[in-house]
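Notes follow once the structure below has been shown.
Protein chains in written order, with the working numbering: chain G, 2 to 635; chain S, 2 to 318.
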């Protein structure tokens, strides 16, 4: 018996000792503040992935990066307009291609050194180096010479990699012919490669330092959205001197990479935003404190921001109701459903049915005032494989426009959002979400409407009267996990209408796990699939480019020279208004040809108490956490 | 004894290498690409190639595996997470393992305490409501999955006290997290309930069997009371099967439970492992599997040694 007790005692003791070492430390106290500002707590489900602005593209990371770094421009509170950030002002040349930024001289890094034009130059060059592996590298391709530079650098590091890097053979041959000396240069030593790269960048890429506080950027074609990109965390500056100390050059192939630990190390990380990193505890929390050298400290809302990782959504709600969280950054549609149906939401929504023009949306819930749903600049849609044959070698009926239109006209959006997702998302008739870009008038009238009679006619014209002779097809969705649930239910509803109204003999639903779904989509191994797309930047091309015949995201295999031509014309159009008009034409064509059928625009919800904090949810998720003032101080 | 420990420890690396190879083989055939973002957005090919290079994944599976194993042996480096590119796998293990281990140990301690008590109480008065009660406890423990018990415990222990006794802050258990000893109570119960039920059953059945055996009858004939015989002699023997159950049970409790960690927001290693598999984050999968396997082997060794300690008649070798 004693031995038994000894064993128990030892176990408990070990547990306590182990636990003591693993508990979270108390945070250091905040300094005294005349404005009496405190700590802002918010949660998300996974925590940040990477704090390297030149590399990440995740919205969770961006939220933190916007606090840590300040870009040339920043979004004003509310997310609709831009205001100057590090740039005091900028000038745009007459051809709409050259921006000259004048930087403010009082902008400082968290180590007290000034933020200069060369810090931007340096950071952007790093993002364009192929080995940096920037998720958003393609955004830099808008800068003159950016794309060619990143190909050139990849070829310099490893000439054979060009085969993989430039997928299109014609383009590859042309590129190789343009740089005949590149193959020989790829055998140089690491140092020589670096010197050559610096020189090549200066000569070919449209980023120039004109003075300590003057930066000139030339872009490939007039694109009014470039100035918005300047407010993207990917375009943050980096403190050149500090970064160079933390860079590692690989001697074997000449790549230059950061010490990955730098980004998580508060001792080393130097930032220029309102906040600086206090600690980043993987899977637990991330703490940011006010940057004592930030130029606009008086406007800041809180001295400290704590990002708590709470994987379980009901727990996050419990913490919010207990006052431990000020904001739950986003809740999934299933959790939203669970929450709102427990509070008679149904009665409210019934009196506000979704409208037919894609704008109807429920914005407030009276009975539970803390949930704030808002539409997002993203679209849930179905996509048809447009290649002449399917991956199994059989003829593809969806290659016929009429078949695509017929199937598209049998998708009952209203039924889907009202009785399947039950979230009353705005109905989508356009691929570019209505209202997401103020200067763009999406062609709502061109979108396919629910019309089974017309669909039957079209299908008969295509040679499949009443579905006769229509081959068996599979509808690809992902089972669950990332992207949320509900795909199966939506697919079943759509399949039923196709079978009943069009007489399709055999529509199978394939619902593999998410990773498999992605692979199959990429291979074009589907007849029809569900998909979703959030816009990256405020321009129609962030959606429309995806269906260019040679775009790497064009899973539909849609290939229409007329469509490509319109996009090309838009790209070189200097007049913004005319450019939008051309893009509208392109989208009209797209909606008529129906390689994609938009179903609804995403709607997401966040949780906060309006009377306590002034957060303004918006479609692009452009929040100014640094300006959110919390009324209650703990 | 020493030869046993030595030979087991010598076997360890061989077993681990085999486990690692089998795991890698499975990861390799597993579909999916860890470099793709959700909703299927794909960075340009230049970037995808750069990532593959950075993670030694550009030259085929054999090269990656060779490199991985070599780094473990020479530098003790288990690679870097793909999803969190600034985090090394050894950091994930060092951060998460103590948390999961502490929670697992306290869960097993709780299971031992509850299980033995229930088992002994049942055996003391067979056929009475006490016995039925102990059976009911173990039935509930075995049948209810931890996501149910966890959620109920959280709601009852932390939620209801806050709602109905808002002024008694001292009894408010924390709503998840990992900041102090109070954080361990509810998850340890949630995690320990199932093993406690097994232990109760093992002890209850073992005691019933042993109490009717010859040596207990002899002890009773010598004049020991029923209780004395049970506690002094029978319990020791009844405890042996519990011990062999404890080895794997402790190892599995200490390597973390995804469900309990998720419900109570505990930064243990169980969650990391599930996320790694979902994202095909191969270095993390391999590193964590290696740690799990090592723990399982070591715990079985400890159980064997404990066997000999509790029952000196058992010879090891």
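Yeah, the Cβ is synthetic: ideal placement off N, Cα and C, and Gly gets one too.
Residues near residue 83 of chain S by beta carbon distance below 6 angstroms, same chain, minus five either side:
Hits under 6 angstroms: 35 and 282.
Residue 262 of chain S, buried or exposed, once every other Cβ within 10 Å from all chains shown has been counted against 16
Label assigned to residue 262 of chain S: buried.
Give the single residue among G:28, G:171 and G:208 whose Cα lies nearest to the Cα of residue 288 of chain G.
By alpha-carbon distance to residue 288 of chain G, the top candidate from G:28, G:171 and G:208 is G:28.
What residues are listed by DSSP as bridge partners for residue 305 of chain G?
Residue 305 of chain G is bridged to G:40 and G:290.
Would you be able to state if there are at least three C-beta pairs under 8 angstroms between the region 419–432 of chain G and the region 486–499 of chain G?
The region 486–499 of chain G, when compared against the region 419–432 of chain G, does touch it at the 8 angstroms Cβ threshold.
Give a yes or no on whether the minimum CB-CB distance between residue 24 of chain G and chain S is below 8 angstroms.
Chain S places a beta carbon closer than 8 angstroms to that of residue 24 of chain G, counting this residue as a contact.
Distance cutoff 8 angstroms, beta carbons only. Does residue 176 of chain S sit that close to anything in chain G?
At least one CB of chain G lies nearer than 8 angstroms to the CB of residue 176 of chain S.
Cβ of residue 139 of chain G less than 8 angstroms from any chain S Cβ?
Cβ-Cβ to chain S under 8 angstroms: yes for residue 139 of chain G.
Going by beta-carbon coordinates alone, are residue 402 of chain G and residue 594 of chain G separated by less than 8 angstroms?
Yes, the Cβ-Cβ distance between residue 402 of chain G and residue 594 of chain G is below 8 angstroms.
Should residue 451 of chain G be counted as a contact of the ligand ATP given a C-beta to heavy atom distance under 7 angstroms?
Judged by which ligands are present, the structure shown has none, so any question about the ligand ATP falls away.
Please classify residue 256 of chain G: does DSSP put it in a helix, a strand, or coil?
Residue state, collapsed to three classes: coil.
Chain G within 8 angstroms of residue 81 of chain S, Cβ atoms only:
Yes, residue 81 of chain S counts as interfacial toward chain G.
Specify the secondary structure class of residue 351 of chain G as computed by DSSP and reduced to three states.
Confidence at residue 351 of chain G is low in this model, with a pLDDT of 42, below 50, so its placement is unreliable and no value can be given for it.
Which residue's Cα is closest to the Cα of residue 529 of chain G: G:437, G:387 and G:538?
Check the Cα spacing between residue 529 of chain G and each of G:437, G:387 and G:538: the tightest is with G:387.
Should the region 144–154 of chain S be called in touch with the region 184–195 of chain S, which here means at least 3 C-beta pairs below 8 angstroms?
Result yes; three or more Cβ-Cβ pairs closer than 8 angstroms.
Residue 608 of chain G and residue 321 of chain G - do their beta-carbons sit closer together than 8 angstroms?
Yes, these two residues count as a Cβ contact at 8 angstroms.
Could you give the residue range of the alpha helix (DSSP H) that holds residue 27 of chain S?
Run containing residue 27 of chain S: 3–30, per the alpha helix (DSSP H) assignment.
Neighbourhood of residue 395 of chain G by C-beta, 8 angstroms cutoff - its chain only, sequence neighbours within 5 removed
Excluding the 5 residues flanking it on each side, residue 395 of chain G has same chain C-beta neighbours closer than 8 angstroms at 472, in chain order.
Are any of the Cβ atoms in chain G nearer than 8 angstroms to that of residue 239 of chain S?
The beta carbon of residue 239 of chain S sits no closer than 8 angstroms to any beta carbon of chain G.
Of all the CB atoms in chain S, is at least one closer than 8 angstroms to the CB of residue 329 of chain G?
For residue 329 of chain G, the answer is no, since every Cβ of chain S falls outside 8 angstroms of its Cβ.
Quick one: Cα of residue 22 of chain S to Cα of residue 518 of chain G, how far?
Inter-residue distance for residue 22 of chain S and residue 518 of chain G is about 27 angstroms (C-alpha atoms, whole angstroms).
Just checking, does the region 285–304 of chain S make contact with the region 4–22 of chain S on the three C-beta pairs under 8 angstroms criterion?
Yes, they touch.
Exposure label - residue 26 of chain S; buried when at least 16 CB within 10 Å
Exposed, by the Cβ-count rule.
Measure how close the beta-carbons of residue 491 of chain G and residue 417 of chain G come, nearest whole angstrom, since I'm counting them as under 8 angstroms.
Contact flag correct, Cβ pair sits at about 6 angstroms.
Count the other CB atoms within 10 Å of the CB of residue 308 of chain G; is the residue buried (16 or more) or exposed (fewer)?
Around the CB of residue 308 of chain G, 16 or more other CB atoms lie within 10 Å, so the residue is classed as buried.
Between the region 32–42 of chain G and the region 218–227 of chain G, are three or more C-beta pairs nearer than 8 angstroms?
By the Cβ criterion, the region 32–42 of chain G is not in contact with the region 218–227 of chain G, since fewer than three pairs of Cβ atoms, one from each stretch, lie closer than 8 angstroms.
Alpha-carbon spacing of residue 65 of chain S relative to residue 57 of chain S, whole angstroms
Their backbone Cα atoms lie some 6 angstroms apart in a straight line.
Taking 8 angstroms as the cut-off, does the region 88–97 of chain G touch the region 200–210 of chain G (at least 3 CB pairs, one atom from each stretch)?
With a cut-off of 8 angstroms, the region 88–97 of chain G and the region 200–210 of chain G do not count as touching, because too few Cβ pairs lie within range.
Does the beta carbon of residue 33 of chain G come closer than 8 angstroms to any beta carbon on chain S?
In terms of beta-carbon proximity, residue 33 of chain G stays away from the interface with chain S, with every pair separated by 8 angstroms or more.
Just to confirm the assignment, what range does the beta strand (DSSP E) spanning residue 474 of chain G have?
Start and end: 474–477.
Quick check: is the beta carbon of residue 288 of chain S nearer than 8 angstroms to any beta carbon in chain G?
No, no contact with chain G.
From the DSSP output, in three-state form, read off residue 25 of chain G for me.
Reduced to three states, the DSSP call for residue 25 of chain G is coil.
Alpha carbon to alpha carbon, how far is residue 325 of chain G from residue 275 of chain S? Give it in angstroms, no decimals.
Distance from the CA atom of residue 275 of chain S to the CA atom of residue 325 of chain G, rounded to whole angstroms, is 27 angstroms.
Return the residue from the list G:82, G:597, G:43 and G:60 that minimises the CA-CA distance to residue 555 of chain G.
With distances taken between Cα atoms, residue 555 of chain G lies closest to G:597.
Mind listing the chain S neighbours of residue 313 of chain G? Cutoff is C-beta to C-beta under 7 angstroms, in chain order.
Chain-order list of chain S residues neighbouring residue 313 of chain G: 263, 264 and 266, by C-beta distance under 7 angstroms.
Short of 8 angstroms in beta carbon distance, which residues of its chain neighbour residue 113 of chain G, apart from the five on each side in sequence? Order them along the chain.
Counting only Cβ-Cβ distances below 8 angstroms, and skipping sequence neighbours, we find 294.
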